[in-house]
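Remarks on the structure that follows.
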Amino acid sequence: MNSNTNNLVVEIDRLERRFGKTHALSNINLKLERGGVYGLVGANGAGKTTLIKHILGLLRCQSGSVRVFGEDPVQQPQSVLSHIGYLSEERDIPDWMSIAEFCDYVHAFHPSWDESYAQELLQTFNLGRDKRLGELSRGMRAQVALIGAVAHKPDLLILDEPSSGLDAIVRKDILNAVVRTISEEGRTVLFSSHLLEEVERLSDHVIMIQDGNIVMDEPLEILGQSHHVSELRFVEIQTQLPALSEVLTVSGEGRSWHVIHCGSPDQLSDAVRSLRGELVSTRNASLEEIFIARVGRIDKAEAR
Amino acid sequence: MNITINVKDGVPIYRQIANQVRYMVASGILRPGEEISPVRALALELNVTPNTVVKAYDELESLGVIYKRRGAGTYISDSAVTLADQERLRIIGQRIDALLAEAHQLNFSQQELDQLIEERRTEMEKGDAST
Chain A
461 MNSNTNNLVV EIDRLERRFG KTHALSNINL KLERGGVYGL VGANGAGKTT
511 LIKHILGLLR CQSGSVRVFG EDPVQQPQSV LSHIGYLSEE RDIPDWMSIA
561 EFCDYVHAFH PSWDESYAQE LLQTFNLGRD KRLGELSRGM RAQVALIGAV
611 AHKPDLLILD EPSSGLDAIV RKDILNAVVR TISEEGRTVL FSSHLLEEVE
661 RLSDHVIMIQ DGNIVMDEPL EILGQSHHVS ELRFVEIQTQ LPALSEVLTV
711 SGEGRSWHVI HCGSPDQLSD AVRSLRGELV STRNASLEEI FIARVGRIDK
761 AEAR
Chain B
105 MNITINVKDG VPIYRQIANQ VRYMVASGIL RPGEEISPVR ALALELNVTP
155 NTVVKAYDEL ESLGVIYKRR GAGTYISDSA VTLADQERLR IIGQRIDALL
205 AEAHQLNFSQ QELDQLIEER RTEMEKGDAS T
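The listed protein sequences derive, respectively, from chains A and B.
Position in the first sequence counted from 1, then plus 460, gives you the numbering used here.
Position in the second sequence counted from 1, then plus 104, gives you the numbering used here.
Here it is as structure tokens:
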């Protein structure tokens with residue numbers, strides 16, 4: 461195992477990627493530190509999966525560089541991938557294998573495979589070892605794929621939409637296995653999700669990506685403290701609010717309005733007073749509110 | 105511990121955990137010397153990252169509500185009792201502030217408000233007596 465001199469598990473420097481005319485990723489700079497849990501959020505087609513594929517070495521950088529555990533994942537796939545657990549959105553696992561065969565198969569690639577942990581997860585998920593993967597339901601496939609991703613105790617766990625299309629119970633199982641992985645000291649997790657509630661619960665750092673650009677890369681805590689939702693009330697009926705600095709979105713009508721803003725509530729309060737109004741209440745914005753304010757609508761159909 | 109996380113209203117999760125532990129201490133559900141859930145167990149129970157629970161516990165420890173015994177768990181501290189009094193005041197103070205703000209918005213005068221509180225209390229006491 462290559463020891464990296466610093467604490468960076470992933471280091472991406474000025475990464476560019478085009479598919480034909482589409483600029484899929486532009487000037488991506490990203491550092492993932494050991495022990496962090498990173499939530500990757502963005503609308504469909506924003507570039508989340510493309511970014512993950514670069515980290516896994518499935519795509520070669522067109523320009524810039526990607527280092528994972530200090531190595532180039534395209535040049536040194538065996539070494540890099542042996543430290544990574546990956547759950548893809550497609551859960552691409554071979555249909556013809558039985559569950560037991562699949563576990564043996566993943567085990568063969570990862571000497572660090574923890575058989576008792578795998579057994580325990582199989583039991584928790586109530587999965588029989590002899591079932592063929594092709595016969596399993598969507599939720600069960602996700603559970604098996606998850607075992608393949610976590611049972612070798614990877615240093616870096618990457619989950620691409622781990623809970624998309626799953627019912628609440630399977631989703632909870634998956635999150636629980638993720639929390640278990642995280643709670644072992646020094647493990648790093650990167651997961652993309654449409655479910656911002658999940659990201660808010662699990663991650664300590666949020667990376668927001670839009671049209672191939674990283675538009676936000678901050679600790680969740682700072683993000684929450686820097687964005688507020690405030691309720692405004694005016695003496696006169698307002699047909700629309702004038703542009704206020706650092707206000708991201710405005711909703712409401714008549715005398716009562718809500719705004720999401722990234723400045724201090726005091727500043728906003730002063731600005732509103734000059735419009736013969738007052739700031740009635742203010743609170744920290746949730747990740748979902750910040751996301752909508754920054755990136756626009758969430759695709760609700762996909763978010764389900 | 106019976107803690108509920110709500111991610112809709114923007115309160116950081118570590119703060120929600122810390123506040124609910126403080127509430128449980130203030131209301132006597134948790135008593136001095138009592139052991140609270142280990143970080144990992146609570147993280148798994150709530151499905152949140154253990155770092156969040158660590159942060160909540162760090163905050164509670166710096167406030168003197170809990171203390172950690174090296175390798176032997178986390179406990180409600182003895183000084184939590186005096187803190188509980190401050191906490192009771194803080195919690196009720198917040199409610200009163202919210203009530204005053206709402207009353208102001210709805211144009212109730214101070215006298216009207218005092219009178220209403222008195223009326224409601226009489227109502228409630230009547231209700232208690234009848235049960």
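For every residue, glycine included, the Cβ atom is placed at its ideal position computed from N, Cα and C.
Just so you know, the alpha carbons of L210 (chain B) and P702 (chain A) end up roughly 26 Å apart. For T178 (chain B), the three-state secondary structure derived from DSSP is strand.
DSSP, read as helix, strand or coil, puts I642 (chain A) in helix.
For S729 (chain A) and S686 (chain A), the gap between their C-alpha atoms comes out near 16 Å. Beta-carbon to beta-carbon, A745 (chain A) and G114 (chain B) are separated by about 5 Å, close enough to satisfy the 8 Å threshold. The beta carbon of P142 (chain B) lies closer than 8 Å to those of G177, T178 in the same chain, with the five residues before and after it left out. In the assembly as shown, G714 (chain A) is an exposed residue. Its beta-carbon has fewer than 16 other beta-carbons within 10 Å. Of all residues in the stretch 707-741 of chain A, only V740, S741 come within less than 8 Å of chain B when Cβ atoms are compared, listed by chain position. Per DSSP, Q535 (chain A) lies in no beta strand (DSSP E) and is assigned neither H nor E.
With respect to the C-alpha of I140 (chain B), the residue from B:S183, B:Y171, B:N123 having the closest C-alpha is B:Y171.
Under the three-state reduction of DSSP output, Q698 (chain A) falls in the strand class. Counting of Cβ neighbours within 10 angstroms places K230 (chain B) among the exposed residues, the total staying below 16. In chain order, V639, R661, L662 make up the part of chain A whose C-beta sits under 8 Å from the C-beta of V152 (chain B). Taking a Cβ-Cβ cut-off of 7 Å, I140 (chain B) has no neighbours in chain A, whose nearest Cβ is about 17 Å from it. For D677 (chain A), there is no enclosing alpha helix (DSSP H); the residue is part of the beta strand (DSSP E) that begins and ends at 673-679.
The stretch 175-195 of chain B makes contact with the stretch 115-130 of chain B; the number of CB pairs closer than 8 Å reaches 3 or more. Where I196 (chain B) is concerned, the enclosing alpha helix (DSSP H) starts and stops at 184-209.
Residue contact with chain A for T156 (chain B): present (Cβ-Cβ distance below 9 Å to some residue of chain A).
Look at the stretch 613-637 of chain A: the residues with a C-beta under 7 Å from a C-beta of chain B are K632, L635, N636. Interface flag for R743 (chain A) against chain B is set, since a Cβ pair is found closer than 9 Å.
The C-beta of A484 (chain A) has 16 or more other C-beta atoms within 10 Å across all chains shown, which makes the residue buried. Counting only runs that start and end inside the stretch 601-648 of chain A, the alpha helix (DSSP H) elements of at least 4 residues fall at 628-642. The residue among A:R754, A:D664, A:F651 with its C-alpha nearest the C-alpha of S623 (chain A) is A:F651. Around the beta carbon of Y498 (chain A), 16 or more other beta carbons lie within 10 angstroms, which makes this residue buried. Residue pairing by DSSP places V143 (chain B) in no beta bridge whatsoever. With a minimum length of 4 residues, the unbroken runs of alpha helix (DSSP H) contained wholly in the stretch 474-523 of chain A fall at 508-515.
Only exposed fits V675 (chain A), as fewer than 16 other CB atoms lie within 10 angstroms of its CB. Here the alpha carbons of G712 (chain A) and L619 (chain A) stand approximately 38 Å from one another. Contact of S746 (chain A) with chain B is assigned, a C-beta pair being separated by under 9 Å.
Neighbours of I642 (chain A) in chain B, taken as residues whose beta carbon is under 7 Å from its own, are T153, P154 in chain order.
Residue state for M105 (chain B) is assigned as coil, using DSSP reduced to three classes. By alpha-carbon distance to A578 (chain A), the top candidate from A:P571, A:I607, A:Y565, A:N586 is A:I607. The stretch 149-159 of chain B and the stretch 659-676 of chain A touch, with no fewer than 3 CB-CB distances between them shorter than 8 Å.
Nearest CB-CB separation between V501 (chain A) and chain B: not below the 9 Å threshold. Chain A places no beta carbon closer than 9 Å to that of I195 (chain B), leaving this residue out of the contacts. Here the alpha carbon of L656 (chain A) sits roughly 46 Å from the alpha carbon of T226 (chain B).
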